[in-house]
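First the structure, in the form of structure tokens, and then the observations on it.
There are 2 protein chains.
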Amino acid sequence: MDSLDAIFKPKSVAIVGASRDPKAIGHQCLQNLIKSGYQGKIYPVNPKADEVAGLKCYHSIMEVPDEVDIALIVVPAKYVPAVTEECGKKGVKGLVIIASGFSEVGREDLEREVVEIARKYGMRILGPNVVGIMNNPLKMNASFAPYLPYPGKAALISQSGALLIAMDARTWIDKVGISHMISIGNMADLNFGDLIEYFNGDEDTKVISLYIEGVKDGRKFLNSAKNSKKPIVALKAGVSKRGAAAAASHTGSLAGSTKIYEAAFKQGHIVQAENLNALFDETMALALQPPMRGDNLLIITNGGGVGVLATDAAEKYGVPIKDAPDDLKLLMFRHMPEFGNPKNPVDLTGMADREQYEGSIRDALKHEWVHGLVVLYCETSFTDPQNIAEGIYKAYKDSGVNKPIAVSFVGGERSVKAGQWLIEHGIPYYSSPHAAVRAMSALRIYGRYLEKASKEFVPYKVNKKKVEAILGKARACGKSVLTEPEAKEVFAAYGLPVPKGKLAKNEDDAVKIARSIGYPVVMKIVSPQIIHKSDAGGVKVNIKSDDEARKAFREIMENAERYDPHAEIMGVYVQEMAPWGTETIIGSVNDPQFGPTVMFGLGGIFVEILKDVTFRIAPFSKDEALDMVKEIRGYGILKGARGEKPRDIEAIADAVSRLSQLVWDFRNEIKEVDANPVIVYEKGLSVVDARIILKTEKVTKVTPKPLDKCG
Amino acid sequence: MDSLDAIFKPKSVAIVGASRDPKAIGHQCLQNLIKSGYQGKIYPVNPKADEVAGLKCYHSIMEVPDEVDIALIVVPAKYVPAVTEECGKKGVKGLVIIASGFSEVGREDLEREVVEIARKYGMRILGPNVVGIMNNPLKMNASFAPYLPYPGKAALISQSGALLIAMDARTWIDKVGISHMISIGNMADLNFGDLIEYFNGDEDTKVISLYIEGVKDGRKFLNSAKNSKKPIVALKAGVSKRGAAAAASHTGSLAGSTKIYEAAFKQGHIVQAENLNALFDETMALALQPPMRGDNLLIITNGGGVGVLATDAAEKYGVPIKDAPDDLKLLMFRHMPEFGNPKNPVDLTGMADREQYEGSIRDALKHEWVHGLVVLYCETSFTDPQNIAEGIYKAYKDSGVNKPIAVSFVGGERSVKAGQWLIEHGIPYYSSPHAAVRAMSALRIYGRYLEKASKEFVPYKVNKKKVEAILGKARACGKSVLTEPEAKEVFAAYGLPVPKGKLAKNEDDAVKIARSIGYPVVMKIVSPQIIHKSDAGGVKVNIKSDDEARKAFREIMENAERYDPHAEIMGVYVQEMAPWGTETIIGSVNDPQFGPTVMFGLGGIFVEILKDVTFRIAPFSKDEALDMVKEIRGYGILKGARGEKPRDIEAIADAVSRLSQLVWDFRNEIKEVDANPVIVYEKGLSVVDARIILKTEKVTKVTPKPLDKCG
């Protein structure tokens, strides 16, 4: 971590490319650093100048007499490798490469070159293509953004430079307090994961706030986030189809699937902000307030209308309002006129003044039922917003509890000023009820994360060796798709229930196997070339006798021959016929950023029409898998709809978690898994059809092998 | 309309209850009226004062020497009837009853009394329980809100008084321009429908903006809205389950189903705002900009990041970004450096200054492909937001087109100031990209309304007499539920396809009917008491022969006898067996505010688990019904999913529209209709089961009648 301290809390900063032209970015960086009040040493470097902005200028970084913690590199891209080399020789600890013209414009080669040079010298790199870094406690603005952000406790890391500068300015409007503001750029070296790890250990930071277009090293990101003791809130840009494409073209990074990012955020305990305002609003709440440790949200208001709006928002954002207990209602009733409403929302009525607010808030916070409090105030002609604000603050302080509060004042200039006073006193203020409730919901989401934080993945006992053997054999035979019997064996080895079945090479075989399983059976063609078995006439179901089995074998073989005369036929798989149940799908894709993931959904229209599926990054616990099952829209089906018995949700979670272990264990081998359908019963489930696709880059050469060895 | 002009543009205002106590609301109303600069005549009325706030005070309204257009009534509720009587005698044209203590606290009786007195004299009433009215063009603040709102072109009508006062103050922060601000209160007389009608004709108003908890006279509301030549935007509070309950308890009004309000908004061409910020943002856009007359939205930005965020928002709000045509890209490319991106979003890059913005905006607006333009700007250190704003305005003016534009500046104080300058110059400005896109989407929604405005309902030719006869007979027999054969006849009379079928009274009958229909048939018990026919063992399907028909008849009769020995048995309905198809549901409820409505959805899990249904207020055209079909989530099923042929969507729309005519024609008779399932085919559909429930208040007495007459 030492080298990162040197970068984010440097004792000395060199600006390589400190131009004398006031319009040049190099010059601006230098000026900003001086203006901001930075107390460390500043070394301008410019081969053509002896003095810039009143400071002695060095012709090369090598000439700087003292140690240099970081160098801001503001020279054209083509000179960056040489400058990096010099910095390395000088013993500079970190580089902040403001220069652009690297991977974002297709020059991955140049970027790699720079990283390799830096590695040689043990230097870390922020960038290239960054605005710079800002550290409020150090009063250090080492960037070309014109001034430091509003001071506070949030480390804000942005993948967009333009947005970072704009957000910097906006922090002063919204009074969102920032400890550090970091432009992360192309992430040639330091990425989101590194920065999360660093700011988790930074004493000036209480919340980590991210603007993300696409991460690099998804695993590192996920693990740093999961291990963070501080809340993290992220705005992911590119969550729409076209937005993802735009983000990809803009940063050159792989934007990845929205659903996989959502999974990573959940597993990394990251609160996802729905838009830029939400990022600001929730950053403020998480910086100023403790998490909400339960689902009981109380709303206190002086206006019924905003109370209703807040109630709507609470349902929308997942903390629906509940009835308050009677004793709390009685307490609330003391602070309102007779025509007030002590229910939740607590309506103090338009007559409410400071006394009513203060009294009701104090009593509410002290009541054990209340886990979080949203206070709403509509500006009136006979109350002073500042006075109300002071009442709220006093009640909050007096209560002495560790529960979150958020406030919305709807009104004019006086309300805005009072709101800012509240923020300065540690109470998040918003100008609309829904924003206050949304911010409280972020505190609740974070609270829920903390409640489940202990449920880690513990590997199952599985037969890994068997899977290694099956995959090894498939590789040796040059196959990139396992046959169905192989896939079933792999599943079985990891404890996923599959129907009984065996490969038949001839009619007699088929009959023998069918008898041993017991009729009725299903029979399916097995051939690496025939993926769509039904289309090929390669599937027969509900086979009830020896005769039918013989006939089915013949027909399947004939159909397959007709469908693809060149297909390599392994035989016919004879399988126990699974009884009717609820069709689900379990699958896996190996994401370029996050590696193996697992998907779950209900089959049929749910997946095809409604795209009602959910993801997690593998591996993960059965508890996490249970969350997946519960978050699909069709969960009601599994709970037992239309008079049906509930399905075995535990069995699903077990299977999903086991699959997550499989795809993680074989992350370098398995590209894709598709278990469809997985039929779920009142008790247990059965993986009726399964496909496993291997990573092709590992397949050296496809050489057909005789049936005996590779069947 | 004369009397409403007298209320909203009064030449003279009396304040009845003009207290000398500066804290009293009556005093404040008087002071506000004087302070605001109102040029009409002001008459304080107070029996105990000769002078208030420097004006001569009258002891009674009767003493006022001149005509009084409106009287603000600020006396305790119990005195309001007497004051109303006096005002009537005086010839006051309208009353603004600020006094509270009426239906909102359970005193409907007092409210009714006041309305009756007012009616007697032809006076209209705003309220009771209002803040008052504000008219910016007249500089009239006839309310206890402390000052007039920011001037502009929106009439803002609020059902919450506290929120109205708070919004009044907030208009000065957000610079949302208001022509009139009206507190509508309990709507004892004037309701939303009346005010929409009035402001549609008001020359100072360009957009009507509503905060609604629950409407009164839904039909009037719907028709006024539909006939409005001005855009309407509404924030409906109480869209969540608990929010609806809170709204109901707060206003005493029936909040009604969220889905039915959504239907009314669509049919009334009302843009629904998702929250308070959206109401403000969209009000501004609709007041300042023309509707967006097509789906092509172009985004111009100086930051890739905000471009991506805007793209995400565009998809979320229903105006997804599309590729711009090549010639437009070429035009855009002229206004950016080489590394800019001329695609949509058009990324001028962080280097963009006024010239690039001005040039690209001018060219974009003039290009015929562009239907709407969102301009994004991230504040930078080397550009001046004011200069950019002026460039945007100049380009917009120069282009001379009638296309909408919305702007987002993300930044600090300078950006906010420049944004306010833009607003003053008619260009809506927002502080975040998603708010700008959401506002543009409101302009698009309104544009779409205008495009379909002509598709009015034209009644079908139906056999209304037959339905009258069936309903009449049912009434005469004291029935509140039609039997299935009756319901089917009703449907058939309105042109909805029903399977062939007839009532059998004995086995021979059953066989005869089955033969005439052709096997297979379905047989079902017919009894007013047996609603859940399957539970009673009263349904047999797939009956293929005479013998089976006889057996089925016997069994059904026996089962029914066993199920409910006291049930009145009409016989067994023998019905053509509908072939397999896609199950849908068509239904109707008679809403207390909006009257008959029609619901459509897919059957099974779609309705039961996903609640995937949509509503409209009856009657409505087939085109409107087509919109219904297309807006359900399961629409993909009907378009032909999983290799199925597409279903007959036209037939569904036809049936839904016909049902809307039926429930409208018999709005005083029919309480509920449930056609479930309605099986839809590639060609046509069939209403397989149907239930019609009559309004019970019309049933005088339930006297069982002999089978022959009432069967």
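Sequence order for the protein chains is X and U.
Going by our numbering, the letters in the first sequence line up with residues 9 to 719, in that order.
Going by our numbering, the letters in the second sequence line up with residues 9 to 719, in that order.
The C-beta atom is built at its ideal place from N, Cα and C for all residues, glycine as well.
Fair warning: this is a prediction, and the values are worked out from it, not measured in the lab.
Quick one: is Q36/U near chain X, going by C-beta distance under 9 angstroms? yes
Show which residues of chain U have a CB atom less than 8 angstroms away from the CB atom of Y219/X. Listed along the chain, the chain U residues whose CB falls inside 8 angstroms of the CB of Y219/X are G313.
Tell me whether A633/U is buried or exposed, calling it buried when 16 or more other Cβ atoms sit within 10 Å of its Cβ. buried
Give the residues of chain U in contact with F152/X, contact being defined as C-beta atoms less than 8 angstroms apart. Within 8 angstroms of the CB of F152/X, the CB atoms of chain U belong to S389, in sequence order along the chain.
Using a Cβ-Cβ cut-off of 6 angstroms (strictly less than) and excluding sequence neighbours within five positions of R655/U, which residues of its own chain qualify? T590, L646 and V688
Decide if V466/X is buried, meaning its Cβ has at least 16 other Cβ atoms within 10 Å, or exposed. That one is exposed.
Can you give me the Cβ contacts of A163/X inside the same chain, cut-off strictly under 6 angstroms, excluding the 5 residues immediately before and after it? S187, H188, F207, T213 and I216
To the nearest angstrom, how far is it from the Cα of P73/U to the Cα of A85/U? 26 angstroms
Could you check whether F229/U and G276/U sit closer than 9 angstroms to each other, using their CB atoms as the reference points? yes
With 9 angstroms set as the bound, which would you pick, yes or no: does the beta-carbon of S524/X sit closer than that to a beta-carbon of chain U? no
When Cβ atoms are compared, which residues of the stretch 60 to 85 of chain U fall closer than 9 angstroms to chain X? none
State buried or exposed for R452/X, treating a residue as buried only when at least 16 other CB atoms are found within 10 Å of its CB. buried
Find out if the Cβ-Cβ distance for the pair A447/U, A293/U is shorter than 9 angstroms. Less than 9 angstroms divides the Cβ of A447/U from the Cβ of A293/U.
Quick check on DSSP: helix, strand or coil for E680/X? In the displayed model, E680/X falls within a strand according to three-state DSSP.
Cβ-based burial, E690/X [other Cβ within 10 Å; buried from 16]: exposed
Can you look up E221/X in the DSSP assignment and give me helix, strand or coil? Note: E221/X maps to coil in three-state DSSP.
Mapping the DSSP letters down to three states, classify F273/X as helix, strand or coil. helix
E121/X, DSSP secondary structure in three states: Looking at E121/X - three-state DSSP - the assignment turns out to be helix.
So if I threshold CB-CB distances at 7 angstroms, which residues from the stretch 629 to 659 of chain U count as touching chain X? R641, G642, G644, I645, A649 and R650
At a Cβ threshold of 9 angstroms, is F273/U touching chain X? No, its Cβ sits nowhere closer than 9 angstroms to a Cβ of chain X.
With contact counted as at least three CB pairs below 8 angstroms, one residue from each stretch, are the stretch 379 to 386 of chain X and the stretch 291 to 310 of chain X in contact? yes
Comparing alpha-carbon positions, which option in A170/U, L336/U, G503/U and C485/U lies nearest K472/U? G503/U
Kindly indicate which three-state DSSP category Y437/U falls into: helix, strand or coil? Per DSSP, reduced to three states, the secondary structure at Y437/U is strand.
Taking its Cβ as the centre, do 16 or more other Cβ atoms sit within 10 Å of S524/U, making it buried, or is it exposed? exposed
May I ask you to list, following chain order, the residues of the stretch 270 to 303 of chain U that have a beta carbon less than 7 angstroms from some beta carbon of chain X? N283, L284 and N285
Identify, in the order they occur along the chain, each residue of the same chain with its Cβ nearer than 8 angstroms to the Cβ of I240/X, setting aside the five sequence neighbours on each side. The beta carbon of I240/X sits closer than 8 angstroms to the beta carbons of I204, V215, I216, S217, L218, A233, G276, H277, I278 and V279 from its chain, once the five residues preceding and following it are set aside; these are given in chain order.
Please confirm if T92/U has its CB atom under 9 angstroms from at least one CB of chain X. no
Beta-carbon proximity check, V720/U vs A557/U, cutoff 9 angstroms: What the structure shows of chain U is the stretch from 9 to 719, and residue 720/U is not part of that stretch, so it cannot be assessed.
Alpha carbon to alpha carbon, how far is M1/U from G642/U? This structure cannot settle anything about residue 1/U, because the visible part of chain U is limited to 9 through 719.
Backbone CA spacing between I106/U and N137/U [nearest angstrom]: If you draw a straight line from the Cα of I106/U to the Cα of N137/U, it is about 5 angstroms long.
I538/U - DSSP class collapsed to helix/strand/coil: coil
With a threshold of 8 angstroms on Cβ separation, who are the neighbours of V424/X within its own chain once the five nearest residues in sequence on each side are excluded? F417 and S439
Which listed residue (K43/U, I78/U and I81/U) has its alpha carbon closest to that of L63/U: K43/U
Express the C-alpha separation of V314/U and K374/U in angstroms, rounding to a whole number. 24 angstroms
Here's the rule I'm using: 16 or more other beta-carbon atoms within 10 Å means buried, otherwise exposed. How should K532/U be labelled? buried
In angstroms, rounded to a whole number, what distance separates the CA positions of P393/X and K351/X? 24 angstroms
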